[in-house]
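Here the structure is laid out as structure tokens; the discussion comes afterwards.
Residue numbers (the numbering used here), protein chains in the order written: chain A, 17 to 134; chain E, 233 to 636.
So, in structure tokens, the structure goes:
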């Protein structure tokens, strides 16, 4: 496991991460945080203090919606994507994909000269 | 122990949230759920209870900063509502004021604006005799009904396609973007939309959003087609509006034709075309010259209906109620697009039915004008000013058209 990503690097992509975690099924705050941590092998540790305002902002932008549910035995606020959220996820995912490709191409000549990350 | 410390943190946070008690409670419950689950996880990892509590709380950061972030989100939302209130209310008031002032009989007091607005808001289109439009399918009617649903829209630079996705979800509407026409005009299908309106008809929201890129829409088989103004306006359709209720004093001029159902009237529109044109032009003449080269006074016109019966009323000088209604429509709805001023739209009248050939936008506005007339007349117990009264100057017709 390498170090955490720099905050600057993450800033523009946290929304996209949360939206993509919600792509398939409803989740609650804690499970969203855990999933992002697991997938990134701990390198993206979205702090609770960042996550909840972010969720509320996405909800206020109508990209996700929430409902309280206690069918898991615990009363929880569950979030799911709205149609607009699905659309946003699709368009942002495309955008990120081409961004990554672009960066990749720029870095191709440089990367072999760098020492391998530990 | 844990509960106590979590309670203290959440109480502190709640105290800093300048929000309603319900909002505060919802946030506190959500965060408490997180804190407790995090605590369980850390305890399961063998972390000491005290350390686990500290870690869980630390991850939320200090209460002041967190409260500030929540408050900011709600404030942003509130600001959007305020914008919506001022803009949305102004549109409704201006539209109603202009319409009523154009139609109100002299000497009668107008309604208090508050009452009119309240009525306009609480009544749905279905409260009134339906506008008879045989060319509309069931799917069209469903879409039209859904367009009157009141929704909230609150987008900050959201791509247009996403906006349509949300509108579709909120009001159960299907959209299709005629991308080719947008492409031709170098309009992107995902231009950023910023708008914030609360409790607004889906139709109004849609029109205001489309305005941002000078786009228009029309409905085909229940699907809302979004396209450029040029494309939308080039597609004309004939519709028949049953306005007998608005023409209450109406005396049937041609009893033999009185029972023709609306659907048949539509089929006859081609033969009516000439009459409509004449009727449309007539209103200009009326104001300058009260002469009677009127089409329905001509024998050849009367002959096609099997001759004039005893119920026939020959208009002398002042415009008839039908003419006034047609005048109102052509002045209130896109005034520079009617045939008498060189535009493509035609309007005619037959047996209490107004027959209009125009594009979808014009038809929507016609429906709105008729709706407002019905609203106003049912509330005040008056109909369109009687035939003795001259047609009042509508003020600024351009502004009326722009309101819808």
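We treat Cβ as the ideally placed atom computed from N, Cα and C, and that holds for glycine.
Since the model is a prediction, treat every value here as computed from it, not as a measurement.
Asked	Found
Alpha helix (DSSP H) runs wholly inside the stretch 450 to 475 of chain E, at least 4 long, in chain order	461 to 465
Reduced DSSP secondary structure (H/G/I, E/B, other) of residue 259/E	helix
For residue 425/E, three-class secondary structure by DSSP	strand
Residues near residue 248/E by beta carbon distance below 7 Å, same chain, minus five either side	295, 296, 299
CA nearest to the CA of residue 91/A, picked from 396/E, 373/E, 265/E	265/E
Span of the alpha helix (DSSP H) around residue 69/A	64 to 76
Minimum Cβ-Cβ distance from residue 28/A to chain E less than 7 Å	no
Closest by C-alpha distance to residue 593/E, when choosing among 469/E, 572/E, 551/E, 399/E	469/E
Secondary structure of residue 238/E, DSSP reduced to three states	helix
Residue 394/E at chain A interface by Cβ criterion, 7 Å	yes
Inter-residue spacing [alpha-carbon to alpha-carbon] between residue 99/A and residue 599/E	31 Å
Per-residue contacts from residue 293/E into chain A (C-beta, under 9 Å)	63, 64, 65, 66
Cβ neighbour criterion (16 or more within 10 Å) applied to residue 93/A	buried
Cβ-Cβ distance between residue 421/E and residue 393/E below 7 Å	yes
Beta-carbon neighbours of residue 83/A, restricted to chain E and to distances below 8 Å	Per Cβ cutoff of 8 Å: no residues; residue 83/A is ~11 Å from chain E at best.
Whole-angstrom C-beta distance between residue 101/A and residue 292/E, which should lie under 8 Å	Rounded, the Cβ-Cβ distance is 25 Å, inconsistent with contact.
Cutoff 7 Å: residue 56/A Cβ touching any chain E Cβ	no
Chain A contact for residue 265/E (CB, 7 Å cutoff)	yes
C-beta neighbour in chain A for residue 462/E, strict 7 Å	no
Chain E contact for residue 115/A (CB, 7 Å cutoff)	no
Environment of residue 103/A [buried if 16+ CB atoms lie within 10 Å]	buried
Proximity test, Cβ basis, 7 Å: residue 104/A and chain E	yes
Between the CA atoms of residue 272/E and residue 186/E - distance to the nearest angstrom	Absent from the structure is residue 186/E, since the part of chain E shown begins at 233 and ends at 636.
Alpha-carbon spacing of residue 445/E relative to residue 81/A, whole angstroms	28 Å
Among 467/E, 452/E, 448/E, nearest to residue 458/E - alpha-carbon criterion	448/E
Unbroken stretches of the beta strand (DSSP E), 3 residues or longer, contained in the stretch 79 to 134 of chain A	80 to 85, 92 to 97
Collapsed DSSP secondary structure at residue 478/E in the structure displayed	coil
Residue 298/E at chain A interface by Cβ criterion, 7 Å	yes
Contact set between residue 98/A and chain E, taken where Cβ atoms lie within less than 7 Å	398, 401
Spatial neighbours of residue 371/E in its chain, beta-carbon cut-off 7 Å, leaving aside the 5 residues before and after	453, 454
Backbone secondary structure at residue 419/E - three-state DSSP	coil
Minimum Cβ-Cβ distance from residue 40/A to chain E less than 7 Å	no
Alpha helix (DSSP H) segment containing residue 638/E, residue limits	With chain E covering 233 to 636 only, the question about residue 638/E has no answer from this structure.
Three-state class that DSSP yields for residue 27/A in the structure shown	helix
Cβ neighbour criterion (16 or more within 10 Å) applied to residue 578/E	buried
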